[in-house]
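Under our numbering, the first residue of the sequence shown carries the number 12, and numbering increases by one thereafter. C-beta: ideal position from N, C-alpha, C; glycine also.
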Amino acid sequence: LDFIAFAKEGAERMQQLILDLLDYSRIGRVGAPRTMVDMADPLRAAISSLGRSISDSEARIEVPEHLPTVFGSPSELTRLWQNLISNAIKYADPDRPPRIAISAVHDRGEWILSVTDNGIGVAPQYAERIFLIFQRLHARNAYPGSGIGLAICNKIVGQHGGRIWLEPQEQGSVFRFTLPAV
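Here it is, written out as structure tokens:
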């Protein structure tokens with residue numbers, strides 16, 4: 012029975028990896044055509060879809076009064092916000108509820124958007140590795156997931172003409188990404 016359970020768990024994990032890989036491969040190829048998108052709309056959609064996680068974790072999300080309008084795919088930008096916010100919740104410090112702050116700054120023809128959290132953070136030596144597909148920093152039993160979420164964020168931002176990076180902090184993380192200003 013132990014061997015059957017082990018095989019079943021491995022098969023389920025492999026199925027999820029295949030589904031995640033298919034999802035990753037579809038970014039930029041499938042979906043709604045690009046339009047002018049007020050970044051507040053996909054952010055609201057992401058927060059709404061994460062409602063249960065937000066309430067269960069007692070997370071507090073600070074959203075600025077105004078976010079920029081960019082040219083992009085509403086569904087992919089929603090996915091971007093969703094992945095970044097869900098990671099901030101998933102990797103919360105167990106001693107305090109998640110605090111997440113969203114911000115946007117215009118700089119030299121592009122928008123720099125940020126998701127700042129008070130979670131467990133990421134060591135500086137892993138700041139680039141975390142954006143590679145299937146790269147995990149923690150054991151599966153410590154934090155669920157396949158290690159594809161930030162790779163999806165990287166691909167979405169790249170497809171929109173921007174870049175994404177991590178600024179490690181002493182406490183928590185700051186994920187920043189750019190999108191061209193229109």
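When DSSP states are grouped into helix, strand and coil, E178 belongs to the strand group. R107 sits in coil when the DSSP states are folded into three classes, being neither helix nor strand. Sorting V193, T46, R45 and R40 by C-alpha distance to the C-alpha of G120 places V193 at the top. For R71, the uninterrupted beta strand (DSSP E) run begins and ends at R71 to E73, by DSSP. At the C-beta level, M50 and V74 stay beyond 8 Å of one another. With 16 or more other Cβ atoms inside 10 Å of its own Cβ, K166 counts as buried. L124 and E178 have their C-alpha atoms spaced approximately 13 Å apart.
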